[in-house]
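Asker: Have a look at this one before I ask anything.
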Amino acid sequence: MEYLRQLSVSDGLDVYNLLQHIGEEENAFKNPVKKMSYEEFKQWLVQQEAWSRNENLPDGCVGQTCFWLIVDNIPVCFGKIRHALTSQSRLIGGNIGYAVSSLYRGKGYGTILLHKLLEKANEMKIEEKFLTVEKYNYASKRVIEKNGGKMVSENDYRWSFRF
Ligand SMILES: CC(C)(COP(=O)(O)OP(=O)(O)OC[C@H]1O[C@@H](n2cnc3c(N)ncnc32)[C@H](O)[C@@H]1OP(=O)(O)O)[C@@H](O)C(=O)NCCC(=O)NCCS
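All you need for my numbering is the position in the sequence shown, starting with 1, plus 889.
Given below as structure tokens:
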């Protein structure tokens, strides 16, 4: 049984452990918790919960909500939904990002995660879903295509997709 759980300040060691199995920056997906202590992670949760309410945002940043994909009671994936697209995220990043724990890749969870993030974005009334993928991240390209995303442009560095 897989489901999405929204980040909460009461998240604990199981989420921290997930975030230790995702690189600090993998294919442009950023995971600042990778190099944080557990105490710093707990502070990061407070910051992220505020950002999900569009509060205390750094200049030029839009709100974002983080989710964990829970599989058999274990958090195995990290997903982010930004609440709006900006001129910058229309070039790099888009408004949906995701990563799977290195312990659980290649088992179909990335595909399930994106499906559930797209459903969540609909619930959040985010109509435009735009993702960019670094060349040549074929696994992520496949995850998007399996969920019905269409490539809309490419340059020397990345592909862009819309849903
Ligand atoms: C990209 C990522 C999310 C894929 O997650 P995953 O759970 O391993 O993906 P899935 O198991 O759902 O596989 C999806 C498809 O990709 C294919 N795939 C997986 N790894 C692959 C690889 N290294 N090369 C080519 N295809 C690959 C799978 O075979 C599957 O296609 P199929 O069903 O046709 O066989 C994961 O590798 C990851 O977290 N990478 C680091 C962060 C990242 O790149 N995030 C995306 C930024 S845009």
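Virtual Cβ for every residue (Gly too), placed ideally from N, Cα, C.
(1) Please name the residue or residues paired with Leu1020 in a DSSP beta bridge.
(2) Taking buried to mean at least 16 other C-beta atoms within 10 Å of its own C-beta, is Asn945 buried or exposed?
(3) Would you call the segment 989 to 1003 and the segment 920 to 931 in contact, with 3 or more CB pairs under 8 Å?
(4) Nearest-angstrom Cα distance between Tyr998 and Ser976?
(5) The beta strand (DSSP E) with Gln895 in it runs from where to where?
(6) Can Lys996 be considered in contact with ligand 1, in the sense that its beta carbon sits closer than 7 Å to one or more heavy atoms?
(7) Using only the heavy atoms of ligand 1, determine whether one of them is closer than 7 Å to the beta carbon of Phe918.
(8) Ile970 to Lys924, Cα distance in whole Å?
(9) Which residue's Cα is closest to the Cα of Glu1043: Phe1052, Asn1036, Gly1037, Leu1020?
(10) For Ile963, name the three-state secondary structure that DSSP assigns.
Answerer: Inspection of the coordinates gives the following:
(1) Phe1050
(2) exposed
(3) Below 8 Å, too few C-beta pairs join the segment 989 to 1003 and the segment 920 to 931 to call them touching: fewer than three.
(4) 30 Å
(5) 891 to 895
(6) Placement of the Cβ of Lys996 at a distance of less than 7 Å from at least one heavy atom of ligand 1 is found.
(7) At least one heavy atom of ligand 1 is nearer than 7 Å to the Cβ of Phe918, so yes.
(8) 22 Å
(9) Leu1020
(10) strand
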